[in-house]
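K.L.:
Please see the structure below; I have some questions.
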Amino acid sequence: MEQDMSNGVNHSEPRHPFSRAAAAGFLFIAFAAGPAFAAGPHAARLSADLADHLQHNSQAIRVIVHGDQAEIDLLAARYNLPIARRLTSGAVFLVNAGQLGALRQDETVDHLSGDIRIRSLFDASAAESIGADQVWAGAGDVRPLSGKGVSVAVIDSGIDTRHEALKRRVIATRDFTGGDGMDRYGHGTHVAGIIAGQVGQTADTREFRGIASGAYLLNLRVLGDDGSGTVSDVVEALDWSIEHRVEYDIKVINMSIGTPVLQPYRDDPLCEAVERAVNAGITVVVAAGNNGGTTDGRAVYGTISSPANSPYALTVGAIDTHGTAARSDDTLAKYSSKGPTKYDLIIKPDVAAPGSHIASAESVESYLSKMHPERHVAGTGRNSYFQLSGTSMSAGVVSGTVALLLDERPRLTPANAKVVLQLTSSFMPEAGMLGAGAGMVNAIAAVELVQGKQFGTTSIAGEDVVAGGFFTAPATSSSVFASLVRRQLTVRSNQIIWGDQIIGGDQIIWGDQILWGDQILWGDQIIWGDQILWGDQILWGDQIIWGDAGALSSF
């Protein structure tokens with residue numbers, strides 16, 4: 002169901018051609034190749050869930066197949082496959098094990114993916130912690146910004162448009178679950194409030210405000226009343242955003258949802274849809290996931306969820322601010338998922354942001370509100386607020402920050418947005434690149450950079466905060482942020498070029514260029530030893546475990 006409340010914003014933006022060229026920011030490890038063999042019979046690549054189903058289950062399963070509608074109809078007729086739903090980029094078939102085996106051998110099929118369930122991702126003021134309050138106030142020489150006019154699509158469990166903080170922000174609703182767009186789970190409303198909630202004050206005089214309170218929101222519901230949904234619904238929401246990006250001037254997509262990584266990102270339908278959105282000029286912000294630690298507090302690596310594993314996504318980890326705006330006591334949240342990504346070994350997350358105990362809009366009739374009354378912090382009725390923790394909240398903080406940057410520079414590309422946030426973030430040595438990426442985002446420093454000002458040190462909560470991506474010759478950096486900068490990089494604000502080129506010269510490698518081999522600097526942040534836990538439950542040594550990221554969910 003679609004409700005159009007457009008404000009008439011309609012700025013044309015050309016769609017970039019679709020490309021499978023890999024973006025910068027991932028680690029590549031090459032293994033010695035074995036002897037060459039003659040090519041065998043064709044077999045389409047399968048996601049891990051389908052491979053398991055093929056071996057152990059004869060029941061029908063939902064399978065996502067790519068192609069135009071003529072190709073879909075041909076496959077359906079050839080293998081007598083019921084079409085569960087048609088997608089913009091293909092279809093979902095109902096396939097039993099025998100049909101799956103036959104479909105896999107079809108020469109026109111490159112790869113197949115299961116239409117698995119997805120869920121939302123959640124477990125002092127975030128605005129003050131990242132300096133967004135200074136951006137609102139126009140501190141120093143910075144022009145006051147609120148994200149005015151920037152449209153952010155929120156792909157989640159819906160938005161309670163009756164909430165006082167949100168009722169004037171949502172300009173369109175589209176429910177891909179067949180409902181009315183209402184948030185009966187409570188997750189999407191909370192995330193939307195973090196991104197663009199308007200200033201709200203409760204009876205106890207507490208004030209709440211989203212990071213970009215002037216931004217508009219599009220309510221794209223893909224999760225049901227229990228906080229779960231299907232991959233195909235999310236793919237459709239992403240493609241809908243691309244199709245309607247000019248109509249609603251969509252510049253940012255927030256995805257505080259995820260699913261286990263079951264195949265390389267090039268074959269993953271979620272990652273493919275994210276790539277299409279980024280190539281269309283939309284910055285896609287994705288929560289890293291909440292599977293980065295064990296119950297006894299040990300870190301687990303290799304747990305980034307999909308589509309956060311896409312090199313095209315702006316992937317966000319979670320920081321625990323411990324209730325203060327000061328950064329001196331900040332730590333990586335124990336639950337925050339860590340890289341590298343499964344299969345592709347991409348260095349993720351890209352950045353991190355406050356994610357623990359974040360207060361935002363509460364949908365009082367929702368599941369989360371009813372099940373967790375202890376999380377209520379202020380207000381009543383449709384002006385209620387409660388706390389949630391998770392990388393979902395961190396993603397909302399970063400989506401709001403990107404909206405602030407776009408308020409200042411509307412033509413900022415997804416590549417621009419990512420590199421600006423990374424260059425101005427505060428690197429966190431204790432967390433390392435695989436925990437926090439470039440580090441904690443700094444909104445005031447990022448805005449200064451896009452305004453063409455010299456950046457380096459800002460003040461947050463009375464403490465000097467150094468931008469980790471700022472180096473002066475002949476200084477040598479001690480870390481590589483998501484493989485975006487070389488070891489000898491020198492960066493100055495006047496080298497930034499706003500367009501397809503990020504930074505002049507060959508000092509930044511971005512887009513189709515990748516840093517390979519010995520250009521990746523690990524430093525001493527990654528410890529290969531007895532205390533490192535990885536995903537998948539595969540034992541690699543005496544005490545080294547690899548783990549899995551869990552079901553597609555809200556984070």
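Reading the sequence shown from the start, the letters are residues 2 to 556 in my numbering. Every residue gets a Cβ at the ideal spot worked out from N, C-alpha and C, and that includes glycine. Every value quoted in this text rests on a predicted model; they were computed, and no experiment measured them.
1) Relative to the alpha-carbon of Met-429, which residue among Ala-439, Ala-334, Ala-173, Ala-216 has its alpha-carbon at the smallest distance?
2) Alpha carbon to alpha carbon, how far is Val-155 from Ser-555? Give it in angstroms, no decimals.
3) Name the two residues that bound the continuous alpha helix (DSSP H) containing Asn-292.
4) How close, in whole Å, do the beta carbons of Ile-117 and Val-398 come, if the pair is a contact with beta carbons under 8 Å?
5) Just to confirm my understanding: we take Tyr-386, look at its own chain, exclude 5 residues before and 5 after, and list those with CB closer than 6 Å. What are they?
6) Shortest alpha-carbon distance to Pro-312 belongs to which of Pro-415, Ala-319, Leu-224?
7) Taking DSSP as the reference, what is the three-state secondary structure of Thr-459?
8) How about Gly-298 and Lys-339: are their beta carbons less than 8 Å apart?
9) What do you reckon, are the CB atoms on Ala-288 and Ala-309 nearer than 8 Å?
10) Within 10 angstroms of its Cβ, does Gln-135 collect 16 or more other Cβ (buried), or is it exposed?
11) I'd like to know if Asp-321 contacts chain B, where contact means its C-beta is closer than 8 Å to some C-beta of that chain.
12) Roughly how far, in whole angstroms, is the beta-carbon of Ala-197 from the beta-carbon of Ser-214, given that I think they are within contact range, below 8 Å?
13) Does Tyr-336 come out as helix, strand or coil in the three-state DSSP assignment?
14) If you pair each beta-carbon of the region 145-164 with each one of the region 318-338, do three or more pairs fall below 8 Å?
15) Indicate the three-state DSSP secondary structure (helix, strand or coil) for Pro-355 in the structure shown.
16) Beta-carbon separation of Gly-318 and Pro-350 under 8 Å?
17) Taking its Cβ as the centre, do 16 or more other Cβ atoms sit within 10 Å of Met-394, making it buried, or is it exposed?
18) Checking 8 Å against the spacing of the C-beta atoms, do Ala-173 and Leu-224 come in under that value?
19) The beta strand (DSSP E) with Asn-220 in it runs from where to where?
20) What separation, rounded to the nearest whole angstrom, lies between the Cα atoms of Val-403 and Val-262?
21) What did DSSP end up calling Ile-62 once you bin it into helix, strand or coil?
22) Assuming Ile-283 and Ile-258 are in contact, meaning their beta carbons sit under 8 Å apart, how far apart are those beta carbons, in whole angstroms?
23) Using the rule of at least 16 other Cβ atoms within 10 Å of the residue's Cβ for burial, across every protein chain shown, is Glu-276 buried or exposed?
24) Taking Cβ positions, are Leu-146 and Glu-409 nearer each other than 8 Å?
25) So, under 8 Å CB-CB, Thr-260 and Ser-306 are touching, yes? Tell me the CB distance rounded to an integer number of Å.
26) In whole angstroms, give me the CA-to-CA distance for Val-143 and Ile-445.
27) Do Ala-396 and Val-421 have their C-beta atoms closer together than 8 Å?
28) Using 8 Å for Cβ pairs, my map puts Thr-295 next to Val-301. What's the rounded Cβ distance?
29) From Asp-184 to Asn-81, what distance separates their C-alpha atoms?
30) Leaving out five residues before and five after Ala-138 in sequence, what residues of the same chain have Cβ atoms less than 8 Å from its Cβ?
31) Determine the contact status of Phe-177 and Arg-222, defining contact as a CB-CB distance below 8 Å.
32) Locate the alpha helix (DSSP H) running through Gln-264, then write down its first and last residues.
33) Enumerate in chain order the residues of its own chain whose CB-to-CB distance from Pro-42 is below 7 Å, with the five nearest sequence positions on each side excluded.
34) Could you give the distance in angstroms between the alpha-carbon of Arg-488 and the alpha-carbon of Met-434?
35) Just to confirm, is the Cβ distance from Val-365 to Val-442 under 8 Å?
P.N.:
Inspection of the coordinates gives the following:
1) Start at 1 with the first residue of the sequence shown, and residue 429 comes out as number 428. Nearest option by C-alpha distance: Ala-439.
2) As a working mapping, residue 555 is identified with position 554 in the sequence shown. As a working mapping, residue 155 is identified with position 154 in the sequence shown. In a straight line, the C-alpha of Ser-555 is about 12 Å away from that of Val-155.
3) Counting from one through the sequence shown, the residue named residue 292 turns up at place 291. Note, Asn-292: premise wrong, no alpha helix (DSSP H); not H, not E.
4) Numbered from 1 along the sequence shown, position 116 holds the residue referred to as residue 117. Numbered from 1 along the sequence shown, position 397 holds the residue referred to as residue 398. The Cβ separation is near 28 Å, so there is no contact.
5) If you number the sequence shown from 1, residue 386 lands on position 385. The residues are Phe-209, Ala-360, Glu-363, Val-378, Ala-379, Gly-380.
6) The residue you call residue 312 lines up with position 311 of the sequence shown. Nearest option by C-alpha distance: Pro-415.
7) As a working mapping, residue 459 is identified with position 458 in the sequence shown. Three-state DSSP puts Thr-459 in a strand.
8) As a first step, residue 298 must be located in the sequence shown, where it is residue number 297. As a first step, residue 339 must be located in the sequence shown, where it is residue number 338. The answer is no: Cβ separation not under 8 Å.
9) The residue you call residue 288 lines up with position 287 of the sequence shown. The residue you call residue 309 lines up with position 308 of the sequence shown. In this structure, Ala-309 lies closer than 8 Å to Ala-288 by Cβ.
10) Counted from its first residue, the sequence shown places residue 135 at position 134. So Gln-135 counts as buried.
11) The structure shown has no chain B; it contains just one protein chain.
12) As a first step, residue 197 must be located in the sequence shown, where it is residue number 196. As a first step, residue 214 must be located in the sequence shown, where it is residue number 213. Contact holds; Cβ gap of about 6 Å.
13) Here residue 336 is taken as the residue at index 335 of the sequence shown, counted from 1. Of the three classes helix, strand and coil, the one that applies to Tyr-336 here is coil, per DSSP.
14) no
15) The residue given as residue 355 occupies position 354 in the sequence shown. Correct three-state label for Pro-355: strand.
16) Sequence index remark: in the sequence shown, residue 318 carries index 317 (1-based). Sequence index remark: in the sequence shown, residue 350 carries index 349 (1-based). For Gly-318 and Pro-350, yes; Cβs fall inside 8 Å.
17) To locate residue 394, count along the sequence shown from 1; it is residue 393. The residue is buried, with at least 16 neighbouring Cβ atoms inside 10 Å.
18) Here residue 173 refers to the residue found at position 172 when the sequence shown is read from its first residue. Here residue 224 refers to the residue found at position 223 when the sequence shown is read from its first residue. Not a contact, by the Cβ cut-off of 8 Å.
19) On the sequence shown, residue 220 is found 219 positions in, with the first residue counted as 1. 217-222 is the span of the beta strand (DSSP E), which, as asked, contains Asn-220.
20) Translated into the one-based positions of the sequence shown, residue 403 becomes position 402. Translated into the one-based positions of the sequence shown, residue 262 becomes position 261. Their backbone Cα atoms lie some 26 Å apart in a straight line.
21) Stepping through the sequence shown from its first residue, residue 62 is reached at position 61. Strand.
22) Against the sequence shown, residue 283 aligns to sequence position 282. Against the sequence shown, residue 258 aligns to sequence position 257. The Cβ separation is near 16 Å, so there is no contact.
23) In the sequence shown, counting from the first residue as 1, residue 276 sits at position 275. Buried.
24) Walking along the sequence shown from the start, residue 146 turns up at place 145. Walking along the sequence shown from the start, residue 409 turns up at place 408. It is a contact, given that the beta carbons lie within the stated cut-off.
25) Locating residue 260 in the sequence shown gives position 259, counting from the first residue. Locating residue 306 in the sequence shown gives position 305, counting from the first residue. That pair is a contact at about 6 Å.
26) Counting from one through the sequence shown, the residue named residue 143 turns up at place 142. Counting from one through the sequence shown, the residue named residue 445 turns up at place 444. Each residue's Cα considered, the two are about 8 Å apart.
27) Within the sequence shown, the letter at position 395 stands for residue 396. Within the sequence shown, the letter at position 420 stands for residue 421. No; because the gap between Cβ atoms is not below 8 Å, this pair is not in contact.
28) Locating residue 295 in the sequence shown gives position 294, counting from the first residue. Locating residue 301 in the sequence shown gives position 300, counting from the first residue. About 6 Å separates the two Cβ atoms, so the contact holds.
29) Indexing the sequence shown from 1 puts residue 184 at position 183. Indexing the sequence shown from 1 puts residue 81 at position 80. The alpha-carbon atoms of Asp-184 and Asn-81 are separated by roughly 38 Å.
30) In the sequence shown, counting from the first residue as 1, residue 138 sits at position 137. Result list for Ala-138: Pro-145, in chain order.
31) As a working note, residue 177 is residue 176 in the sequence shown. As a working note, residue 222 is residue 221 in the sequence shown. Yes, the pair counts as a contact, with Cβ atoms nearer than the cut-off.
32) Position 263 of the sequence shown, counted from the first residue, corresponds to residue 264. It is not in any alpha helix (DSSP H) - Gln-264 carries neither H nor E in the DSSP assignment.
33) The sequence position of residue 42 within the sequence shown is 41, counting from 1. Counting only Cβ-Cβ distances below 7 Å, and skipping sequence neighbours, we find Gln-106.
34) Sequence index remark: in the sequence shown, residue 488 carries index 487 (1-based). Sequence index remark: in the sequence shown, residue 434 carries index 433 (1-based). In this predicted model, Arg-488 has a pLDDT of only 30, less than 50, meaning its place in the structure is not dependable; the value taken from the coordinates is given anyway. Going by the C-alpha atoms only, they are around 14 Å apart.
35) Taking the sequence shown and counting its residues from 1, one reaches residue 365 at position 364. Taking the sequence shown and counting its residues from 1, one reaches residue 442 at position 441. Taking 8 Å as the Cβ cut-off, Val-365 and Val-442 do not qualify as a contacting pair.
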